[in-house]
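**Student:** The structure's right below; bear with me while I get my questions together.
Protein chains: 2
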Amino acid sequence: MNEKLNPSLAEIHIAASHLRSISVPITPVLTNAILNKLTGRNIYLKCENFQLTGSFKSRGALNTILNAMKIEPNLKGFVTYSSGNHGIAVAHAASLVQRPCIVVLCNDTPKNKIDAIKQYGAEIVLCESTPLSHIAICLDIAKEREYYIVPASDHCDVIAGQGTIAVELMEQIPDLDAILVPVSDGGLISGIALYAKRINPNIRIYACVPEGKMLEECLVEGKRLWPDPPQFLETECKACRSQQCGMITFPIMCSFIEKQVFTIPDKVMIDATRFAFEHLKLVIELASGLSLGAILSQHNKLDTNIHNIAVIITGGNIDLNDRLPWQQEK
Amino acid sequence: MNEKLNPSLAEIHIAASHLRSISVPITPVLTNAILNKLTGRNIYLKCENFQLTGSFKSRGALNTILNAMKIEPNLKGFVTYSSGNHGIAVAHAASLVQRPCIVVLCNDTPKNKIDAIKQYGAEIVLCESTPLSHIAICLDIAKEREYYIVPASDHCDVIAGQGTIAVELMEQIPDLDAILVPVSDGGLISGIALYAKRINPNIRIYACVPEGKMLEECLVEGKRLWPDPPQFLETECKACRSQQCGMITFPIMCSFIEKQVFTIPDKVMIDATRFAFEHLKLVIELASGLSLGAILSQHNKLDTNIHNIAVIITGGNIDLNDRLPWQQEK
Numbered sequence: 001m002n003e004k005l006n007p008s009l010a011e012i013h014i015a016a017s018h019l020r021s022i023s024v025p026i027t028p029v030l031t032n033a034i035l036n037k038l039t040g041r042n043i044y045l046k047c048e049n050f051q052l053t054g055s056f057k058s059r060g061a062l063n064t065i066l067n068a069m070k071i072e073p074n075l076k077g078f079v080t081y082s083s084g085n086h087g088i089a090v091a092h093a094a095s096l097v098q099r100p101c102i103v104v105l106c107n108d109t110p111k112n113k114i115d116a117i118k119q120y121g122a123e124i125v126l127c128e129s130t131p132l133s134h135i136a137i138c139l140d141i142a143k144e145r146e147y148y149i150v151p152a153s154d155h156c157d158v159i160a161g162q163g164t165i166a167v168e169l170m171e172q173i174p175d176l177d178a179i180l181v182p183v184s185d186g187g188l189i190s191g192i193a194l195y196a197k198r199i200n201p202n203i204r205i206y207a208c209v210p211e212g213k214m215l216e217e218c219l220v221e222g223k224r225l226w227p228d229p230p231q232f233l234e235t236e237c238k239a240c241r242s243q244q245c246g247m248i249t250f251p252i253m254c255s256f257i258e259k260q261v262f263t264i265p266d267k268v269m270i271d272a273t274r275f276a277f278e279h280l281k282l283v284i285e286l287a288s289g290l291s292l293g294a295i296l297s298q299h300n301k302l303d304t305n306i307h308n309i310a311v312i313i314t315g316g317n318i319d320l321n322d323r324l325p326w327q328q329e330k
Numbered sequence: 001m002n003e004k005l006n007p008s009l010a011e012i013h014i015a016a017s018h019l020r021s022i023s024v025p026i027t028p029v030l031t032n033a034i035l036n037k038l039t040g041r042n043i044y045l046k047c048e049n050f051q052l053t054g055s056f057k058s059r060g061a062l063n064t065i066l067n068a069m070k071i072e073p074n075l076k077g078f079v080t081y082s083s084g085n086h087g088i089a090v091a092h093a094a095s096l097v098q099r100p101c102i103v104v105l106c107n108d109t110p111k112n113k114i115d116a117i118k119q120y121g122a123e124i125v126l127c128e129s130t131p132l133s134h135i136a137i138c139l140d141i142a143k144e145r146e147y148y149i150v151p152a153s154d155h156c157d158v159i160a161g162q163g164t165i166a167v168e169l170m171e172q173i174p175d176l177d178a179i180l181v182p183v184s185d186g187g188l189i190s191g192i193a194l195y196a197k198r199i200n201p202n203i204r205i206y207a208c209v210p211e212g213k214m215l216e217e218c219l220v221e222g223k224r225l226w227p228d229p230p231q232f233l234e235t236e237c238k239a240c241r242s243q244q245c246g247m248i249t250f251p252i253m254c255s256f257i258e259k260q261v262f263t264i265p266d267k268v269m270i271d272a273t274r275f276a277f278e279h280l281k282l283v284i285e286l287a288s289g290l291s292l293g294a295i296l297s298q299h300n301k302l303d304t305n306i307h308n309i310a311v312i313i314t315g316g317n318i319d320l321n322d323r324l325p326w327q328q329e330k
């Protein structure tokens with residue numbers, strides 16, 4: 001593993017102090033009696049839906065952009081590609097440092113996310129809905145305009161930013177046994193695992209993914225078994241449809257997270273999202289239905305000595321113009 | 001004012017200790033950067049949507065039923081009438097003390113609330129949708145079965161139970177200048193005002209009501225100016241459609257709350273409810289859109305020296321089977 005690519009403990013702490021310096025909130029940890037009763041464990045919901053821009057992505061985006069501006073104060077602007085939340089977070093972060101921003105989005109991105117990006121004054125470039133097309137366009141823009149690229153996950157500062165969740169969590173709930181994390185490219189779980197496992201080597205970090213991800217096979221073999229070119233999964237959760245994890249994040253995951261992966265069918269994810277609205281009174285997006293769905297429907301797969309479990313609620317940017325996912329099922 | 005009808009400070013503290021003894025949660029107070037920016041104040045959301053049974057009503061119902069059982073351990077059962085949330089709360093509380101329960105409901109009560117009541121094993125009796133019909137039926141049942149009546153608001157123990165919100169709030173945010181409270185019969189605001197004004201006579205307690213409530217006129221005159229027989233208001237918010245306040249609660253309100261009332265059109269209430277889903281990531285019900293709508297759309301009516309404002313989020317039992325209120329508008 002190339003240590004330069006992975007943030008150190010110090011870099012994650014510096015990221016936390018970056019975020020604190022601009023009043024990024026420490027998100028609350030909520031508990032719920034029904035959830036504890038149903039699962040027979042103590043469940044701690046780390047509510048990144050209450051984070052700035054409505055998802056954890058602001059942590060990585062802000063840390064990366066603040067760091068980039070420190071090193072090169074005359075940066076011309078920023079460009080990124082995103083399934084939505086990362087684009088919103090980068091647009092917001094760029095507006096804070098008063099730099100132009102371009103977000104490359106797949107042409108099937110939900111309207112609520114496009115509106116949020118525009119609200120921060122960023123320019124939007126739409127592209128075909130395939131894993132590689134947006135990256136190519138992003139590279140072209142970066143070259144032509146001399147803009148700084150803010151990757152969605154494969155970047156040391158992005159991973160350090162997401163790791164600040166664990167900095168807060170380990171202080172909020174010191175006796176955690178496990179953390180359940182939705183995984184797409186792997187930036188979130190890498191940041192959390194890098195920090196949490198160094199503070200407490202006994203803690204277990206579990207990935208929660210849609211069907212078809214092949215993550216467990218890859219982790220068990222310690223190899224990228226995914227077919228190329230990269231594909232999108234057949235899932236309702238657009239935020240987690242990358243089949244492959246990142247070139248930086250996958251080795252971190254191999255070193256620090258459990259080989260056992262929670263694979264969540266779409267129906268379970270949607271039911272868990274509804275459960276959050278109905279019983280937890282939280283607006284969450286489908287990606288959060290992966291970790292919540294794992295604990296609701298597969299908690300019996302966890303060792304009985306795992307009592308205190310954090311479930312990462314990644315964000316709450318669900319489209320409220322249209323019917324909700326379970327309403328559309330009718 | 002008949003002091004026997006109003007809970008004392010001690011009775012509200014005893015209610016708080018009743019609730020603590022059975023692990024009723026202290027609900028969190030949340031803040032949100034967008035909300036603070038929009039209103040130019042520090043807004044503290046007291047999240048009763050996270051309370052047991054999804055609304056503040058569990059406080060009053062549990063305190064009343066625990067007190068009643070202490071005095072008469074052989075009570076045969078409980079009966080109540082309700083717009084929904086109080087019925088759920090009484091059904092839940094009765095199930096905890098293992099007594100049968102009957103809830104009299106108007107025949108237009110939303111399905112989600114009926115389902116919740118049934119889930120706690122209570123019997124449901126439907127009646128015509130007028131303010132007096134359910135009270136008459138409730139009295140008949142109480143007489144016939146020798147059941148204890150748990151009124152929705154006009155009862156010392158119910159008011160003391162709701163007052164426990166203020167016990168928590170004054171500890172959570174010691175330097176509050178004002179509290180904004182949705183008002184129907186007045187049990188919630190009476191409990192909060194009785195406690196908060198005795199602890200800090202300078203704090204201001206404001207009522208937030210639907211159009212047609214006539215509450216400001218009544219408070220200014222100190223008289224019940226409402227037409228008889230009691231009427232329902234024309235509002236989408238079924239939980240707050242009583243025009244009249246209670247015989248016990250109205251005198252408390254005259255003594256302790258501000259004469260200035262926030263009157264909230266339905267459109268503002270629905271927009272505020274949507275704002276909560278979209279920006280606060282909270283599932284709230286329309287009644288909470290009254291207090292949130294007041295601070296979002298009428299904050300300029302508050303004195304400029306009022307900085308720290310608690311907004312009571314009464315509950316989150318909105319019907320998620322159907323389209324949400326703003327979706328139905330199309």
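Which chain is which? The protein sequence lines are A and B, in order. Heads up: the first sequence is residues 1 to 330, going by full-length UniProt numbering. Heads up: the second sequence is residues 1 to 330, going by full-length UniProt numbering. Every residue, glycine too, gets a C-beta built ideally from N, C-alpha and C.
Among residues of its own chain, excluding the 5 on either side of A/Glu3, which ones have a beta-carbon nearer than 8 Å to its beta-carbon?
**Tutor:** Unreliable positioning characterises A/Glu3 in this predicted model, as indicated by a pLDDT of 42, which lies under 50. A coordinate reading is not provided.
**Student:** Relative to the C-alpha of A/Ile12, which residue among A/Ser190, A/Ala116, A/Arg145, A/Asn107 is closest?
**Tutor:** The residue with the shortest Cα to Cα distance from A/Ile12 is A/Ser190.
**Student:** Is the CB of A/Gly316 under 7 Å away from at least one CB in chain B?
**Tutor:** Yes, its Cβ sits closer than 7 Å to a Cβ of chain B.
**Student:** In whole angstroms, what separates the C-alpha of A/Val311 from that of A/Ala294?
**Tutor:** Answer to the nearest angstrom: the Cα atoms are 9 Å apart.
**Student:** Give every residue of the same chain whose Cβ lies closer than 8 Å to the Cβ of B/Gly40, excluding the five residues on either side of it in the sequence, and list them in chain order.
**Tutor:** Cβ neighbours of B/Gly40 beyond the five flanking positions: His299.
**Student:** Note down the Cα distance separating B/Lys197 from B/Pro7, rounded to an integer number of angstroms.
**Tutor:** Using only the alpha carbons, I get a separation of about 13 Å.
**Student:** Taking A/Val283 as the query, report the chain B residues whose CB atoms sit under 9 Å from its CB, ordered along the chain.
**Tutor:** The answer, in chain order, is Ala276, Phe277, Glu278, Leu280, Lys281, Leu282, Val283.
**Student:** Looking at the secondary structure, which residues open and close the beta strand (DSSP E) in which B/Ala178 lies?
**Tutor:** Looking at the DSSP string, the run of the beta strand (DSSP E) that includes B/Ala178 is 178-182.
**Student:** Since A/Ala33 meets chain B, which of its residues come closer than 9 Å, beta carbon to beta carbon?
**Tutor:** Chain B residues near A/Ala33: Ser23, Pro25, Leu52.
**Student:** So, is the C-beta of A/Asn63 closer than 7 Å to a C-beta in chain B?
**Tutor:** Judged by the 7 Å Cβ criterion, A/Asn63 is not in contact with chain B.
**Student:** Give the straight-line distance between the Cα atoms of B/Asn49 and A/Cys138, rounded to the nearest whole angstrom.
**Tutor:** Roughly 43 Å between the two C-alpha positions.
**Student:** By how many angstroms is the C-alpha of A/Leu282 removed from the C-alpha of A/Gly121?
**Tutor:** Distance between the alpha carbons of A/Gly121 and A/Leu282: 28 Å.
**Student:** Please report whether the beta-carbon of B/Leu320 lies at a distance below 7 Å from any beta-carbon of chain A.
**Tutor:** At least one chain A Cβ lies under 7 Å of B/Leu320.
**Student:** Short check: CB of B/Gln162 to CB of B/Gly187, under 7 Å?
**Tutor:** Their beta carbons are under 7 Å apart, which means B/Gln162 touches B/Gly187 by this criterion.
**Student:** When the cut-off is 7 Å and only beta carbons count, does B/Asn49 lie next to chain A?
**Tutor:** Yes, contact with chain A.
**Student:** Going by the DSSP bridge assignment, what does A/Leu282 pair with across the sheet?
**Tutor:** Partner(s): B/Leu282.
**Student:** Provide the residue(s) that pair with A/Val104 in DSSP beta bridges, ordered along the chain.
**Tutor:** Paired residue(s): A/Tyr81, A/Val125.
**Student:** Ignore the nearest five residues each way along the sequence and tell me which others in A/Leu9's own chain have a CB closer than 6 Å to its CB.
**Tutor:** If we look at A/Leu9 and ignore the five residues flanking it on each side, its Cβ neighbours are Arg198.
**Student:** I'd like to know whether the C-beta atoms of B/Ile135 and B/Ile102 end up nearer to each other than 7 Å.
**Tutor:** Their beta carbons are not under 7 Å apart, which means B/Ile135 does not touch B/Ile102 by this criterion.
**Student:** Please work out which residues of its chain come closer than 7 Å, Cβ to Cβ, to A/Lys259, disregarding the five sequence neighbours upstream and downstream, and give them in chain order.
**Tutor:** Once the five neighbours on either side are set aside, the close Cβ partners of A/Lys259 are Glu216, Leu219, Val220.
**Student:** With a Cβ-Cβ cutoff of 7 Å, do B/Ala166 and B/Val183 count as a contact?
**Tutor:** No.
**Student:** Can you list the residues of chain A that B/Pro28 reaches, using a CB-CB cut of under 9 Å?
**Tutor:** Here the neighbours are Pro28, Leu30.
**Student:** Identify, in the order they occur along the chain, each residue of the same chain with its Cβ nearer than 8 Å to the Cβ of A/Ile173, setting aside the five sequence neighbours on each side.
**Tutor:** Only Val29, Tyr44, Asn308, Ala310 meet the Cβ criterion.
**Student:** Would you call the stretch 106-118 of chain A and the stretch 80-94 of chain A touching, i.e. three or more CB-CB distances under 8 Å?
**Tutor:** The answer is yes - the stretch 80-94 of chain A touches the stretch 106-118 of chain A, with three or more Cβ pairs under 8 Å.
**Student:** Counting only the same chain and skipping the five closest in sequence on each side, list residues whose C-beta sits under 6 Å from that of A/Ser288.
**Tutor:** Cβ within range, chain order: Ile313, Thr314.
**Student:** Three or more C-beta pairs closer than 8 Å, one from the stretch 61-76 of chain B and one from the stretch 13-29 of chain B: is that the case here?
**Tutor:** With the cut-off at 8 Å, the stretch 61-76 of chain B and the stretch 13-29 of chain B touch.
**Student:** With A/Cys208 as the anchor, note down where its beta strand (DSSP E) starts and where it stops.
**Tutor:** Run containing A/Cys208: 204-210, per the beta strand (DSSP E) assignment.
**Student:** Which residue wins for smallest C-alpha separation from A/Val90, given the options A/Pro131, A/Ala33, A/Ser153, A/Lys46?
**Tutor:** It is A/Ser153.
**Student:** Using the rule of at least 16 other Cβ atoms within 10 Å of the residue's Cβ for burial, across every protein chain shown, is A/Gln98 buried or exposed?
**Tutor:** Flag for A/Gln98 reads exposed.
**Student:** Check each candidate in A/Ala160, A/Val150, A/Lys57, A/Glu211 and name the one with the smallest Cα separation from A/Leu233.
**Tutor:** Of A/Ala160, A/Val150, A/Lys57, A/Glu211, the residue nearest in Cα terms is A/Glu211.
**Student:** Quick one: list the residues of chain A neighbouring B/Arg323, beta-carbon separation under 8 Å, in chain order.
**Tutor:** Chain A residues near B/Arg323: Arg323, Gln327.
**Student:** Would you mind working out which of A/Ile14, A/Met247, A/Ser291, A/Phe250 sits nearest A/Phe262, comparing C-alpha positions?
**Tutor:** If we check each option's Cα against that of A/Phe262, A/Ser291 comes out closest.
**Student:** Which partner residues of A/Gly315 appear in the DSSP bridge assignment?
**Tutor:** Note: A/Gly315 sits in a beta bridge opposite A/Ser55.
**Student:** Please name the residue, chosen from B/Asp271, B/Trp326, B/Ile306, that lies closest to B/Leu180 on a Cα-to-Cα basis.
**Tutor:** Ranking the options by Cα distance to B/Leu180, first place goes to B/Ile306.
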